[in-house]
Amino acid sequence: EADDEKTPILNTIYFLSDITPLVESSKFYDEDVAANKSSLLSISWIVCAYINGRDKTSTTDGLAQSHVLPAPPSRQSILVVNGSTPQPDKEQDYHDWYDQEHGNKLTLVPGWNSARRYSLQKVYGETETASFYGFNYYDAENGLGGPEWKAGVTEWTMRIRSNAAKPNIRR
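To convert a position in the sequence shown, counted from 1, into our numbering, add 178.
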């Protein structure tokens, strides 16, 4: 349940090992809409492919090879989803920033546990989208908005923001 006072207030996230059937056909989306026609005003699906991630418990270079989290988030945890759309000719700078600076800085925020990055593959329905999404999992008690979080805004961050093709989505 979202606490940012935006619509929709409820979102459901599924992590799949194979998104091919969802990308190649609208069959499952159409069935979902038909099955929920009487209870929902609208349904939108955003289908994304895994890029990489980080985990607090990782002993490697920090980039997780799997979209599967090492431990399920607690029911009280907070999931922050950021959607970014860099200008096409600035996309590599965006990925470098995320992998080399931004992702590392987020790991310093108290209560941070894991992050996963995805690229948009397909959208069904009417919804705002971005080219790339970062999912960050935090404990209920965390340092969002605190000094470690604010330290993540660097000169490189400001350049990435100025190179955006459209405003970020944050949920």
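Glycine included, each C-beta is placed from N, C-alpha and C at the ideal position. For clarity, every value in this text was computed on a predicted model and none was experimentally measured.
- The Cβ-Cβ distance between L200 and F206 falls below 8 Å.
- As a beta-bridge residue in DSSP terms, N260 pairs with G312 and R348.
- Under the criterion of beta carbons closer than 8 Å, S262 and S309 qualify as touching, at roughly 7 Å.
- In summary, N314 is buried, with 16 or more beta-carbon neighbours lying within 10 Å of its beta-carbon over all protein chains present.
- Straight-line measurement puts the Cα of A212 at about 44 Å from the Cα of E279.
- Burial state of N291 is buried, judged by a 10 Å Cβ sphere holding 16 or more other Cβ atoms.
- One alpha carbon belongs to Q254, the other to D317, and they sit about 7 Å apart.
- In chain order, D271, Y272, S309, F310, I338, N341, A342 and A343 place their CB closer than 8 Å to the CB of P264, counting only its own chain and leaving out the 5 sequence neighbours on each side.
- Between A242 and N260, the CB-CB gap reaches or exceeds 8 Å.
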